[in-house]
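Visitor:
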Amino acid sequence: MFWPAGIVCGFIARSQIRTTGEAGDGMALAGIIISICAALLTTLIVILFVTVFSHLLSCGGIPVPNTPGPHICFNGVWRN
Numbered sequence: 378m379f380w381p382a383g384i385v386c387g388f389i390a391r392s393q394i395r396t397t398g399e400a401g402d403g404m405a406l407a408g409i410i411i412s413i414c415a416a417l418l419t420t421l422i423v424i425l426f427v428t429v430f431s432h433l434l435s436c437g438g439i440p441v442p443n444t445p446g447p448h449i450c451f452n453g454v455w456r457n
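According to our numbering, the residues represented by the sequence shown are 378 to 457, in order.
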């Protein structure tokens, strides 16, 4: 969860490296690329998590019944 800091610090580092002419531009670029990949992976995992659990908590669009006891979705029908 530190990818936002990696992106920001990577861009700041590249800016300072261009100004001072020091080495390390490749490392800063690698940090930016890795942080962006981590951001994309985090986004994908969150979307997958929401999709899977929303599907588990619904039964073909039919909400979970309010009756007590465990409920199992079987062929689009909620069963106790």
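The beta carbon of each residue, even a glycine, is placed where N, CA and C say it ideally should be.
Runs of 3 residues minimum, wholly inside the segment 389 to 435: which ones carry the beta strand (DSSP E) assignment?
Guide: none
Visitor: What does the alpha-carbon distance come out to for the pair C414 and Q393?
Guide: Straight-line spacing of the CA atoms in C414 and Q393 works out to 23 Å.
Visitor: Do you know offhand how far G437's Cα is from G453's?
Guide: 6 Å
Visitor: With 16 other CB atoms within 10 Å as the buried threshold, where does S412 fall?
Guide: Counting other Cβ atoms within 10 Å of its Cβ, S412 reaches 16 or more and is therefore classed as buried.
Visitor: Got a sec? Which residues, its chain only, sit under 8 Å from P381 by beta carbon, not counting five neighbours each side?
Guide: S412, A416
Visitor: Which of the three DSSP states is assigned to V385 in this structure?
Guide: helix
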